[in-house]
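Peer 1: Let me give you the structure first, and then I'll get to my questions.
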Amino acid sequence: PGTDLEVTGIDFLKSQNSRLHHTDAYHTESLVVRRGQAFQLQLSFSRELKAADKLALHFGIGKRPMKIRWTLISLNPRQEQDLSGWQISIIKNSGKECLLSVISSPRATVGRYILNVKTRTNIYKPKNNAVYLLFNPWCEADVVFLADEAQRKEYVLNDTGYIYVGSAYNIYGRPWNFGQFEEFVLDACMYLLDKSKLKLSNRTDPVFVSRAMSALVNANDDRGVLMGNWSGNYSNGTSPTDWIGSVSILQKYYKTKKPVCYGQCWVFSGVLTTVMRCLGIPSRCVTNFSSAHDTEENLRVDIYLNELGEKLNSMSLDSIWNFHVWNDVWMKRTDLPAGFDGWQAIDSTPQEQSQGIFQCGPCPLKAIRDGDVYLPFDTKFLYAEVNADKVYWVVKKVNGKDKYIRIGTETQGIGMNISTKAVGQNKREDITAQYKYPEGSREEREAMQKASYFIRPSGMIPRARFASTVPMGDMASEPRVLHEAISKTGLQLEITNKEALYPGNPLELAITVKTSTPGSWTINLAGSCQLQSYTGKVEASLGYVKETIKLEGKSEMQVPLKIAADEYMKMLASVEDEVFILMTAIAEVQGTDEKLTKETTMSFEYPPHHRPETAKLNKEFSCAFIFKNKLNVPLDNCKLLVEGLGIFKKSVFDEGHVKPGRIIKSEIICTPTRLGEKKIIAKLISTQIKGISAEKAITITE
1 PGTDLEVTGI
11 DFLKSQNSRL
21 HHTDAYHTES
31 LVVRRGQAFQ
41 LQLSFSRELK
51 AADKLALHFG
61 IGKRPMKIRW
71 TLISLNPRQE
81 QDLSGWQISI
91 IKNSGKECLL
101 SVISSPRATV
111 GRYILNVKTR
121 TNIYKPKNNA
131 VYLLFNPWCE
141 ADVVFLADEA
151 QRKEYVLNDT
161 GYIYVGSAYN
171 IYGRPWNFGQ
181 FEEFVLDACM
191 YLLDKSKLKL
201 SNRTDPVFVS
211 RAMSALVNAN
221 DDRGVLMGNW
231 SGNYSNGTSP
241 TDWIGSVSIL
251 QKYYKTKKPV
261 CYGQCWVFSG
271 VLTTVMRCLG
281 IPSRCVTNFS
291 SAHDTEENLR
301 VDIYLNELGE
311 KLNSMSLDSI
321 WNFHVWNDVW
331 MKRTDLPAGF
341 DGWQAIDSTP
351 QEQSQGIFQC
361 GPCPLKAIRD
371 GDVYLPFDTK
381 FLYAEVNADK
391 VYWVVKKVNG
401 KDKYIRIGTE
411 TQGIGMNIST
421 KAVGQNKRED
431 ITAQYKYPEG
441 SREEREAMQK
451 ASYFIRPSGM
461 IPRARFASTV
471 PMGDMASEPR
481 VLHEAISKTG
491 LQLEITNKEA
501 LYPGNPLELA
511 ITVKTSTPGS
521 WTINLAGSCQ
531 LQSYTGKVEA
541 SLGYVKETIK
551 LEGKSEMQVP
561 LKIAADEYMK
571 MLASVEDEVF
581 ILMTAIAEVQ
591 GTDEKLTKET
601 TMSFEYPPHH
611 RPETAKLNKE
621 FSCAFIFKNK
631 LNVPLDNCKL
641 LVEGLGIFKK
651 SVFDEGHVKP
661 GRIIKSEIIC
671 TPTRLGEKKI
681 IAKLISTQIK
691 GISAEKAITI
701 TE
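Note that full-length UniProt numbering numbers the sequence shown so that position 142 is 142, with each residue one more than the last.
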C-alpha cells in the first residue's frame, strides 16, 4: 500500500533511561539524559516501518536550531554515523512499533533540546518533547569523566552535605541541602545557561560553563541569583545565616527572575555546588581557613594593632577572613598544557573583577600548588588567598603623629586546614595538600619563587590608607622576608580558653608567655579580646589586659582575661551576623628588640543534640523537633527552620521568647516520597544566636 508513514506516538522510556543515566532523582516530567551514553525511544507508526520510508529524528537546541551550527542534530536510522558525533540505530522493528537507540556525542552542547520526528510528509511533535542533556562523569570520552564510583556518588549525586565554617582551630560543619534534583532547580540552571550568553558551541565545555556560572550565581553585572550583603543589615531580605540550603533560593530566583537577597560566601558556594551537580559537573564546597583577601596581589596582608593589641579596622585595605568558601569542579583542561586536569577552583562570591566581571576560575589546583600563577583563570588571586604572609604593625602616637612599627611577619598563618566533606562519610576531609606543598619543604620554596616572579613583590612598608606619605624609595625591590631573626629569649605566646565558650557564660581566656633561654627577662604584654565577623571586620572591643611580667630562664606565666556575659551579650544581639571571638597578644622584651604577636579566632559553642529515625515510603509520619535552651540566657525571636529533601519543603516555626531551660517542640506531619537515607536539617536562629544547626538522619523504607 502506498499510504504515507505517520508517527502516532513516542515513548521516552523515562524510568528505564533515567535509571541507566543516574537521572532518576530529577523532579521533572521530561526525559533527562547524559551525553555520550545510549538512551532508547519507542516510536509508534500508522503502519510498519519499511526500508524505503524516510525517517529522521531532529534534536534542536537554542532559538534557531541550524544544522550548520550543530544546534540541530538530524538523525536518520538508515545512516549509522552522523557527522555531529551522535549515533542512532534500530534495535527492534516489529509491527507498528520501532525501538531506537540514540547516543549523543560526548562533546555535545549541554542544555534543553526539543525533539521532533520527521517522515516524508509529516512532522510529529510529541506533547512533552523537551530532552535535557547533561554532562556525563560516567562516560570516559566526556571531559568531566570521574573514574571512581564513590566520588561520583558524592560529587554529582549527593544532594545534602556540609559546608565547613568557624575558624582554623575550631571548625564545624554547617549542614546544607544542595537539592539539585528538586522541582524547578534544573529549569533554573537551564535559564542560567541561556542567560549566560555563552555561544552554544561553548556550552560543550565545562571550562566555559563553570566560569559563566561563577559569574551568574552572584547578582553583580548580570542580575544573577544572589545579592551579596556584608553590611549587617538584612531587613529587606533573608539574612545570609538563615538559609539551610540552595533549593528555596533557586526556586525563588526562577519564579521571579530577580536576584534573591542575601548571600555571603558559604551561600554562594552552596548554590554553585547545586548548579554544577545539577548540570553534571562533579563539584564540592571548599573552605579555606584564614583566607587572605589581598587587594594588591602582593602576597602580603597588613594587620594594624593599637598599643593594647586591638586590631584597627579602618586602616586596612586588605583583610584576612576567618574562612572563605569556594568550589572545586572536576574536568580535563584541554585548553592548557598537559598535567592540569582534575580539580579546578571556581568562586562565585563577588570580590574582585576578572576580565571586567565578578567571576573567578576555573583555576587548576596543580597550578596553585606549583606556583604557575600565569595560567588561566585567576590563579594569582587564588594563590594569594592560600599563601600570603601576615605582617603585623603597631600604630603608636609619637609627637601627635602616627608611627608604624613592624612587629612581626607570619609566613604560615594563611591558607590553613582547607576542608571539604569526605566522600561517602559525614566528616571533614583536609585537602590542604592538594592546594599547597608542606610549609618549609623544597617544593613549597620553589613554587613560592616561581609565583613571586609573576606577582609583584613588595617591600616592607605599611600600605594603610593614611601611610601613603611614606617615601617609596628603593624599598619596593626588597625580597620577601622568609626568616625572622633568631630569638635571644625563645619567647613564645599561646592563647587558650579555660572554659567552653557558651553564649551567656563569661569568656575565660588566657595568654601564656614562655621563655626558654638562660637570663632574666622583663616582658611588656598587651592582650585584647574583640568580636569580629567572619570577614575579619571588628564589631566590638570587649576588654584588654596590659601587664609587665618577669620570667627567669626556661619558664612560663599565664595571664588571664575574663569577660563577663553582660559585656558581650548585648553586642551579640545587636549584630545580625554570626560573630567570632578574636584574641590578640603583643609581647615586647625590654632591653632587646624582640617583639612577638599572636592572634587566635574562636567560635562560640553550643551544647549538641541528635537522633535518627525510620519512616515508610508514601506513609504519613510525624517528625518532632525538640530543642532545649541549655544556655544561661533567654533567647528572643526564636525561629526554627526545617527542611527535609524528599520528605517536606522548608518550613519556619516562630517560637518567640525562650527562657533558659525551656523546651520547645514543633512537629511536622509529612509523607516521604523517596527511598533511602534522607536528612532533615533544623536550624535555630534568635536575636542573640545566629546558627545552632542540627540534623537528623531518617531512613525511608518500603
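All C-beta atoms, glycine included, are put in the ideal place defined by N, C-alpha and C.
Checking 9 angstroms against the spacing of the C-beta atoms, do S290 and G490 come in under that value?
Peer 2: Result no, Cβ atoms of S290 and G490 do not sit closer than 9 angstroms.
Peer 1: Give the secondary structure of D187 by DSSP, where H, G and I count as helix, E and B as strand, and everything else as coil.
Peer 2: In the structure shown, D187 sits in a helix (DSSP, three-state: H, G or I).
Peer 1: Can you check the region 371-445 for any beta strand (DSSP E) of at least 3 residues that lies completely inside it and give the ranges in chain order?
Peer 2: Within the region 371-445, the complete beta strand (DSSP E) runs of at least 3 residues are 389-398, 401-410, 416-421, 428-430.
Peer 1: Quick check on the burial criterion: 16 or more other C-beta atoms within 10 angstroms. Buried or exposed for L317?
Peer 2: Exposed: under 16 other Cβ atoms inside 10 Å.
Peer 1: With a threshold of 6 angstroms on Cβ separation, who are the neighbours of Y568 within its own chain once the five nearest residues in sequence on each side are excluded?
Peer 2: Result list for Y568: L542, in chain order.
Peer 1: Relative to the C-alpha of C189, which residue among S210, W243, N202, H293 is closest?
Peer 2: Answer by Cα proximity: S210.
Peer 1: Along the chain, where does the alpha helix (DSSP H) containing D566 start, and where does it finish?
Peer 2: 565-574 is the extent of the alpha helix (DSSP H) around D566.
Peer 1: Are there 16 or more other CB atoms within 10 angstroms of the CB of L83, so buried, or fewer, so exposed?
Peer 2: L83 should be labelled exposed.
Peer 1: For a minimum of 3 consecutive residues, which ranges assigned as the beta strand (DSSP E) are wholly contained in the region 601-666?
Peer 2: Correct list: 613-616, 621-628, 635-644, 648-658.
Peer 1: Would you list the residues sitting across from E677 in a DSSP beta bridge?
Peer 2: Partner(s): T699.
Peer 1: Between F621, I680, L684, which lies nearest to K696 when the distance is taken from Cα to Cα?
Peer 2: For the residues F621, I680, L684, the minimum Cα distance to K696 belongs to I680.
Peer 1: Under a Cβ-count criterion, where at least 16 other Cβ atoms within 10 Å of its own Cβ denotes burial, should I123 be classed as buried or exposed?
Peer 2: Classification for I123: exposed.
Peer 1: Are at least three pairs of beta-carbons, each pair with one atom in the region 615-630 and one in the region 657-671, less than 8 angstroms apart?
Peer 2: Verdict: yes, contact present.
Peer 1: Considering residue 706, what are the terminal residues of the alpha helix (DSSP H) in which it resides?
Peer 2: Since the first and last residues shown for the chain are 1 and 702, residue 706 lies out of range.
Peer 1: With a Cβ-Cβ cutoff of 9 angstroms, do Y155 and P175 count as a contact?
Peer 2: Contact flag unset, no.
Peer 1: Taking C-alpha atoms, which residue in A345, K127, Y304, D328 lies nearest to R406?
Peer 2: Nearest C-alpha to R406: Y304.
Peer 1: Can you give me the start and stop residues for the beta strand (DSSP E) that F45 sits inside?
Peer 2: Per DSSP, F45 belongs to the beta strand (DSSP E) from 38-45.
Peer 1: Give the single residue among N618, E552, D593, E494 whose Cα lies nearest to the Cα of Q558.
Peer 2: Answer by Cα proximity: E494.
Peer 1: Among L582, E677, T600, P350, which one has its Cα closest to the Cα of W266?
Peer 2: Among L582, E677, T600, P350, the Cα nearest to that of W266 belongs to P350.
Peer 1: Pull up the distance between the alpha-carbon of I73 and that of K427, whole angstroms please.
Peer 2: Answer to the nearest angstrom: the Cα atoms are 45 angstroms apart.
Peer 1: Would you tell me roughly how many angstroms separate the C-alpha atoms of D347 and N497, rounded to the nearest one?
Peer 2: One C-alpha to the other measures close to 34 angstroms.
Peer 1: Quick check on the burial criterion: 16 or more other C-beta atoms within 10 angstroms. Buried or exposed for I91?
Peer 2: Exposed: under 16 other Cβ atoms inside 10 Å.
Peer 1: Note down the Cα distance separating D4 from K54, rounded to an integer number of angstroms.
Peer 2: Taking the straight line joining both Cα atoms gives about 10 angstroms.
Peer 1: Taking only the alpha-carbon atoms, compute the straight-line gap between G179 and I68 and give it to the nearest angstrom.
Peer 2: Each residue's alpha carbon lies about 37 angstroms from the other.
Peer 1: When you compare the region 517-535 with the region 544-559, are there three or more beta-carbon pairs, one atom per stretch, that lie closer than 8 angstroms?
Peer 2: With a cut-off of 8 angstroms, the region 544-559 and the region 517-535 count as touching, because enough Cβ pairs lie within range.
Peer 1: Could you say which of R34, R78, R19, N129 lies nearest to I10 if we only look at CA atoms?
Peer 2: Selected option, being the one with the closest Cα: N129.
Peer 1: Which of the three DSSP states is assigned to Q87 in this structure?
Peer 2: Residue state, collapsed to three classes: strand.
Peer 1: CA-CA distance, G504 and I581?
Peer 2: Cα to Cα, the separation comes out at about 14 angstroms.
Peer 1: Under a three-way DSSP split, which group does N288 fall into?
Peer 2: Reduced to three states, the DSSP call for N288 is strand.
Peer 1: Where do the N-terminal and C-terminal ends of the beta strand (DSSP E) with G111 fall, by residue?
Peer 2: Start and end: 111-119.
Peer 1: For K683, count neighbouring Cβ atoms within 10 angstroms of its own Cβ and tell me buried if that reaches 16, exposed if not.
Peer 2: So K683 ends up on the buried side.
Peer 1: Once DSSP output is grouped into helix, strand and coil, what is the label at Q355?
Peer 2: Coil, per DSSP.
Peer 1: At the level of alpha carbons, what is the spacing between S574 and T432?
Peer 2: Going from the Cα of S574 to the Cα of T432 covers about 36 angstroms.
Peer 1: Secondary structure at W266, three-state DSSP: helix, strand or coil?
Peer 2: Reduced to three states, the DSSP call for W266 is helix.
Peer 1: For S657, is the classification buried or exposed, using 16 other Cβ atoms within 10 angstroms of its Cβ as the cut-off for buried?
Peer 2: According to the sequence displayed, residue 657 carries His and not Ser. So H657 ends up on the exposed side.
Peer 1: Let me make sure I understand the geometry here. Which of A219, T204, S528, A345 has the alpha-carbon closest to that of T273?
Peer 2: The shortest Cα separation from T273 among A219, T204, S528, A345 belongs to A345.
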